[in-house]
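Heads up, the thing below is written out as structure tokens.
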Amino acid sequence: MSDIAYIPNVFRSGFELDDLDWVTWSEPGRTGVEHHVLWAPDEAKGEDSVGLLLRFPPGAHGDFHEHLGHELMLVLDGVLDHSDGISYVKGDLVVEGPGTEHQMSSRTGCTVLAIRTAPAAARTPQKPLRPVGVTAAP
Numbered sequence: 024m025s026d027i028a029y030i031p032n033v034f035r036s037g038f039e040l041d042d043l044d045w046v047t048w049s050e051p052g053r054t055g056v057e058h059h060v061l062w063a064p065d066e067a068k069g070e071d072s073v074g075l076l077l078r079f080p081p082g083a084h085g086d087f088h089e090h091l092g093h094e095l096m097l098v099l100d101g102v103l104d105h106s107d108g109i110s111y112v113k114g115d116l117v118v119e120g121p122g123t124e125h126q127m128s129s130r131t132g133c134t135v136l137a138i139r140t141a142p143a144a145a146r147t148p149q150k151p152l153r154p155v156g157v158t159a160a161p
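Start counting the sequence shown at 24; every next residue gets the next number (our numbering).
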């Protein structure tokens, strides 16, 4: 029999999803990001993918990193800010391929479904990034 997880109404505000176990993501370069693991890599089976719900309170940000596989991000609520200057809103789906680099943040708060096919690796930015909490110029 399959292992099935069910989360009703995942499009409600992530800050109302208090029936989930949220854990603060403690890692260098990350501030305030919380996550709920949907599934984790299984080394014994050679499985690298991970599925997470991410919650960014206003001003929270991840680290700057490079994707070693694909990443899919679906904004469930709020505004997700990309270090390249693009902001994504509720309902936006972002798919980034291997080799893409970014830092994600949220000036207003957001909740995101994130699926990675392979791990990410911390990197040092080689160009200026949009500062966390700053709106991109028009």
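Yeah, the Cβ is synthetic: ideal placement off N, Cα and C, and Gly gets one too.
Since the model is a prediction, treat every value here as computed from it, not as a measurement.
Handout entry: Residues near D41 by beta carbon distance below 8 Å, same chain, minus five either side
Key = Result list for D41: empty, nothing under 8 Å.
Problem - Environment of Y29 [buried if 16+ CB atoms lie within 10 Å] - result: Classification of Y29: exposed, given that the 10 Å Cβ count is below 16.
Handout entry: Neighbourhood of L99 by C-beta distance below 7 Å, restricted to the same chain and skipping five residues each side
Key = Excluding sequence neighbours, L99 sits near V33, F34, G37, K113, T134, V135, L136.
Handout entry: beta strand (DSSP E) segment containing L103, residue limits
Key = For L103, the enclosing beta strand (DSSP E) starts and ends at 94-105.
Exercise for the section: Determine the direct distance from the alpha carbon of R153 to that of H59, and round the result to whole angstroms. Expected result: C-alpha separation (whole angstroms): 27 Å.
Handout entry: Cβ contact (3+ pairs, closer than 8 Å) linking the region 113-123 and the region 62-71
Key = A contact between stretches requires three or more CB pairs, one per stretch, nearer than 8 Å, and the region 113-123 fails this requirement with the region 62-71.
Exercise for the section: To the nearest angstrom, report how far apart G108 and G55 are at their CA atoms. Expected result: The straight-line gap separating the alpha-carbon atoms of G108 and G55 is approximately 20 Å.
Practice task
Find out if the Cβ-Cβ distance for the pair F79, S128 is shorter than 8 Å.
Solution key: Contact flag set, yes.
Problem - Where L116 falls, given that 16 or more other Cβ within 10 Å makes a residue buried - result: Classification of L116: exposed, given that the 10 Å Cβ count is below 16.
Handout entry: C-alpha distance - Q149 paired with D26, whole-angstrom precision
Key = A straight line joining the alpha-carbon of Q149 with that of D26 spans about 42 Å.
Practice task
Would you identify the three-state DSSP class for E70, choosing helix, strand or coil?
Solution key: In this structure, DSSP gives E70 an extended state, which the three-state scheme calls strand.
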